[in-house]
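Peer 1: Numbering (our numbering), first residue to last: 1335 to 1579. Submitted below is the structure of interest, expressed as structure tokens.
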Ligand code: GLN
């Protein structure tokens, strides 16, 4: 059966810190290379949203200001999002977008940027920013998969939650710099602080998201192999730079 995926890219003009847009290019390219038709639906502020028309949602990172604008806009869709998440809608949320999934992001002044409270998670700004390359051990049960995920993080927020994380910090800071957890995995949600962008250097995670989207749409999640030696070189060069492995 011909397969089509609809990738909903939320507010690319506001949430594209450290080229998070690259995540969309990778998902789209890797899906198309497997013969999957891809429809990219970029969403601007003021556009009416219908999450029934989404097979995968992307939310990038942004400054605190942009995060506040997007949070306000999406609040009207909170119930729709909760229902879709319950059904397993795959969502990739990065940094500011990740924080927005939680209850709030509290600034040093005590002012709170409200989140969507889709999951029980809070973020408080720390005194300094957590910046640098990061490597984590991916919390996955995929057989034979490479376990490392690599990238770059730059955030003031310290995030706390009790869900399974995306992975365990090998080097870097992750959610808060203290509990060695990085990101979140809950139903179809993958939340993370990893930019860089995330997916060009982590093709295994890109395929994991594509498979989730295919299953969510009711298709077979079968994906053939690709020649992605360059992507893996990028992955390993970051690990080498960080003196890991
Ligand atoms: N509010 C975020 C912070 O903790 C935004 C950072 C980001 O998206 N890179 O700094």
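For every residue, glycine included, the Cβ atom is placed at its ideal position computed from N, Cα and C.
Going by CA-CA distance only, name the one from 1474, 1484, 1452 and 1402 that's closest to residue 1578.
Peer 2: Ranking the options by Cα distance to residue 1578, first place goes to 1484.
Peer 1: In whole angstroms, what is the alpha-carbon distance linking residue 1465 and residue 1411?
Peer 2: Distance between the alpha carbons of residue 1465 and residue 1411 is about 32 Å.
Peer 1: Relative to the C-alpha of residue 1404, which residue among 1423, 1420, 1377 and 1384 is closest?
Peer 2: It is 1377.
Peer 1: At which residues does the alpha helix (DSSP H) containing residue 1537 begin and terminate?
Peer 2: 1537-1550 is the extent of the alpha helix (DSSP H) around residue 1537.
Peer 1: Give me whichever residues DSSP pairs with residue 1489 in a beta bridge.
Peer 2: Answer is 1464, bridged to residue 1489.
Peer 1: Which same chain residues end up closer than 6 Å to residue 1351 when comparing Cβ atoms and leaving out the 5 residues on each side of it in sequence?
Peer 2: Closer than 6 Å at the Cβ level, and outside the excluded window around residue 1351, lie 1395 and 1396.
Peer 1: Could you tell me the boundaries of the alpha helix (DSSP H) in which residue 1563 lies?
Peer 2: Here the alpha helix (DSSP H) through residue 1563 covers 1563-1575.
Peer 1: Classify residue 1519 as helix, strand or coil using the three-state DSSP reduction.
Peer 2: The answer is strand: DSSP assigns residue 1519 an E or B state.
Peer 1: Return the first residue and the last residue of the beta strand (DSSP E) that residue 1404 is part of.
Peer 2: From DSSP, residue 1404 is part of no beta strand (DSSP E) but of the alpha helix (DSSP H) over 1398-1409.
Peer 1: Which of helix, strand or coil does DSSP assign to residue 1360?
Peer 2: If DSSP states are grouped into helix, strand and coil, residue 1360 belongs with the helices.
Peer 1: Residue 1376 bridges to which residues according to DSSP?
Peer 2: Per DSSP, 1343.
Peer 1: So is the beta-carbon of residue 1433 under 7 Å away from any non-hydrogen atom of the ligand GLN?
Peer 2: Residue 1433: yes, Cβ under 7 Å from the ligand GLN.
Peer 1: Out of curiosity, what's the CA-to-CA distance linking residue 1461 and residue 1442?
Peer 2: Spanning the two alpha carbons is a distance of roughly 8 Å.
Peer 1: Who are the Cβ neighbours of residue 1570 in its own chain at under 8 Å, not counting the five residues just before and after it?
Peer 2: Only 1579 meet the Cβ criterion.
Peer 1: Quickly, what does DSSP pair residue 1494 with across the bridge? List them, please.
Peer 2: Residue 1494 pairs with 1456.
Peer 1: Counting only the same chain and skipping the five closest in sequence on each side, list residues whose C-beta sits under 6 Å from that of residue 1430.
Peer 2: Answer for residue 1430: 1395, 1396 and 1401, listed in chain order.
Peer 1: Please work out which residues of its chain come closer than 7 Å, Cβ to Cβ, to residue 1348, disregarding the five sequence neighbours upstream and downstream, and give them in chain order.
Peer 2: Closer than 7 Å at the Cβ level, and outside the excluded window around residue 1348, lie 1396, 1400, 1403 and 1404.
Peer 1: Under DSSP, the beta strand (DSSP E) around residue 1425 begins and ends at which residues?
Peer 2: It spans 1425-1428 - the beta strand (DSSP E) in which residue 1425 sits, taken as one unbroken run.
Peer 1: Excluding the 5 residues flanking residue 1367 on each side, which residues of the same chain have their C-beta closer than 7 Å to its C-beta?
Peer 2: Contacts found: 1560.
Peer 1: Just the C-alpha distance for residue 1608 and residue 1574, rounded to the nearest angstrom, thanks.
Peer 2: The chain is shown only over 1335 to 1579; residue 1608 falls outside these bounds and no answer can be derived.
Peer 1: On the DSSP bridge list, what partners appear for residue 1470?
Peer 2: Residue 1470 pairs with 1483 and 1503.
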